[in-house]
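Chains as they are written, first to last, in this note's numbering: chain A, 240 to 438; chain B, 603 to 852. One structure is given below, encoded as structure tokens.
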Amino acid sequence: MYEGVVQDLIDELGRLPGIGPKGAQRIAFYLLEADPVDVKRLAHVLVEVKDKVRFCSVCGNVAEDEQCRICRDPRRDLQVLCVVEESKDVVAIERTREFRGRYHVLGGAISPIEGIGPEQLRVRELMQRLADGVVIEVILATDPNLEGEATATYLTRLLKPLGLRVTRLASGLPVGGDLEYADEVTLGRAFEGRRSVDD
Amino acid sequence: MSLYRDEAIVLRTQKLGEADRIVTVLSHRHGRVRAVARGVRRTTSRFGARLEPFSHVDLQLAEGRSLHVVTQVESLSTWGSSSGRPLGSVIGGDYRAYTAGTAMLEAADRLAGEDFEPAVQQYLLLVGGLRVLAAGEREPSLVLDAFLLRSLSVAGYAPSFDDCARCGEPGPHRSFSPPMGGMTCSACRPPGSASPRPETVALLSALLTGDWTTATASDERTRREGAGLVAAYLQWHLERGLRSLTHVDR
């Protein structure tokens, strides 16, 4: 045990994800020895992130204003909506530069074992957004794991009766990989989702 | 570090660190095992896809100090599904089966006893239950309730739906009490016991014994009441209810 504030710092750092007691101690001593200006900047950013950042009132993405940058952008296609689990996924899809529509962040995936059902996600907000009939296609871009698939299945059941085009991201072989190393689940999916090359 | 191999069903997975997962499996010969699967969250992982909940796998594990480590995984039979797809994707593609199946996995996790203590009957029951669920021929919520009743029985909490659970007087009786262990006669009936309809008791008895003709003939109201009694019975004996039970899409 260290004295007072040093121990407090170690305890606080230890509560962060992926940081254990030894790691917390290492970071605490690094901060103690670091330049005061750097530490002040870090402290300032930590306070600011909690003060300024909130969630976009339209899509649920992290934003610094009432609406996020993507929802405010008039060049975005209003007819296509991409449903993702987390804000991190928005960034990942934006990196592709393939998608010009808007997003809807659910805030997770349906996982009954962790007590997360549709009521805990932003599903009601999604349905409200679709009510005005502007969107004609919804792309379900939840993770390709069991919870993500189940969430997509649930949303499909909800969205189909609205007469929208509902699509799901394809899953299959990673670009730059070897076919022989693919596992049978992924390879099976790649076969299921194969497409014709002549159109 | 010694290696061993076993067949197992993946019950749940938890994220660990940057790209690893802790998987909890119910294995054939070693009971419930918690093991680390390294790097499975990376897209380049060779066996990440095989370690999703509901997967029926052949595992090679290495004994570690606290957690064991998954070294190899092979998918076992793609049983139950006509399309030959693995179990996880069949169940994940049907929302009602998914919610019922998740509750089955959670129940199996809780009722399997201590880690590494063989629970062969629980394992076989789970494999059978998931196979029926994936086949899609039976109502998912009935499969779930049948599984819960039988899993409780295997764990030593068999409910009685005919003779009085306390004094053994031959039934049928009218009161149901989880603390007493099922139906009780009017003399043994503790205060606050439920008085289910006779059809509901017949349904629960049919689910426990595997009489699917009676079970599938039941109506919606009976099934709902039955599910409520099963949930109450389970909660009493597990001391804490199953989290996923509230999310089952009935």
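Yeah, the Cβ is synthetic: ideal placement off N, Cα and C, and Gly gets one too. All values derive from a computational prediction rather than experimental measurement.
Taking a C-beta distance under 8 Å as the contact criterion, VAL722/B and HIS630/B qualify as a contact pair. In this structure ILE375/A is not in contact with TYR342/A, their Cβ atoms being roughly 16 Å apart against a cut-off of 8 Å. The beta carbon of ALA282/A does not come within 8 Å of any beta carbon belonging to chain B, so the residue lies off that interface. Within chain B, not a single residue places a beta-carbon under 8 Å from that of TYR269/A; the smallest gap is close to 20 Å. The closest CA to that of LEU653/B, considering only LEU412/A, GLU419/A, GLU386/A and ALA348/A, is found on GLU386/A.
Straight across, the Cα-Cα distance linking GLY411/A with CYS787/B is about 60 Å. Any Cβ of chain A closer than 8 Å to the Cβ of TYR697/B would place that residue at the interface, and such an atom is present. Nearest C-alpha to ASP247/A among ILE258/A, GLY257/A, ASP312/A and ALA263/A: ALA263/A. Beta-bridge partners of GLY784/B (DSSP): SER762/B and SER779/B. Among the residues of chain A, those whose CB is under 8 Å from the CB of LEU707/B are ILE352, following chain order.
Assignment of GLY794/B by DSSP, reduced to helix, strand and coil, places it in the coil class. Residues of the same chain with a CB within less than 6 Å of the CB of GLU609/B, apart from the 5 flanking positions on each side, are HIS630 and ASP660 in chain order. The three-state secondary structure of VAL322/A, taken from DSSP, is strand. When CB distances to chain B are screened at a threshold of 8 Å, the residues of the region 252 to 263 of chain A falling below it are GLY257, in chain order.
By the neighbour-count criterion, in which 16 or more other beta carbons inside 10 Å mark a residue as buried, GLU324/A falls on the buried side.
For PHE649/B, the neighbours in chain A by C-beta distance under 7 Å run, in chain order, ASP422. Listed in chain order, the non-local C-beta contacts of GLU364/A below 8 Å within the same chain comprise GLY299 and HIS343, local neighbours out to five positions each way being set aside. Contact annotation: THR673/B and LEU663/B have beta-carbon atoms nearer than 8 Å. Separation of GLU716/B and GLY633/B (C-alpha to C-alpha, rounded to the nearest whole angstrom) is 8 Å. In the three-state scheme derived from DSSP, where H, G and I count as helix and E and B as strand, THR626/B is classed as strand. With a threshold of 8 Å between beta carbons, GLU337/A makes no contact with chain B. Among the residues of the region 398 to 432 of chain A, those with a Cβ less than 9 Å away from any Cβ of chain B are PRO413, GLY416, TYR420, ALA421, ASP422, GLU423, VAL424, THR425, GLY427, ARG428 and GLU431, in the order of the chain.
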